[in-house]
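Reading through the structure tokens given below for one structure.
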Amino acid sequence: MTTSPQERLADVAAAAVEVAVESAEAGTYTGGVGRALSAVIAKVGARLTLDAELRGFSSGWQEAVAAMTGEQPAPAPVPAPVLPLHARPDPEDGA
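The sequence shown lines up with residues 1 to 95 when you count with UniProt numbering.
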């Protein structure tokens, strides 16, 4: 299922609000918690903006080359999926 960048940012913002509410209900909400949640939203927004700019540049460049050569442009590349990294067991732990 593909979601738009706006939907992804809205999901992140909603999750941050949920965390803030749960933190406040538990009595552990501080200014630091608020700043950290705001930073997460800002970082996701910045990544979404950069991705959109890169896709726009790539598409525009392909269209310009196609206009000059008379060829049809190839579709813009889809960003590669990000896979989670799992910690490697420490050999000193006997694993």
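All C-beta atoms, glycine included, are put in the ideal place defined by N, C-alpha and C.
Note that the coordinates shown come from a computational prediction; the quantities given were computed from them, not determined experimentally.
Comparing C-alpha positions only, which one of the options sits nearest to residue i?
i: A46; options: P91, P5, S23; result: P5
i: A52; options: E63, T30, V78; result: V78
Only counting the same chain, and skipping five residues up and downstream in sequence, which positions put a Cβ closer than 7 Å to that of residue i?
i: A16; result: L37, V40, I41
Pull up the distance between the alpha-carbon of residue i and that of residue j, whole angstroms please.
i: V19; j: V12; result: 11 Å
i: D90; j: G31; result: 37 Å
Check for me: the alpha helix (DSSP H) holding residue i runs from which residue to which?
i: S23; result: 5-26
In chain order, what residues of the same chain lie with their CB nearer than 8 Å to the CB of residue i, ignoring the 5 residues before and after it?
i: L9; result: I41, V44, G45, L48
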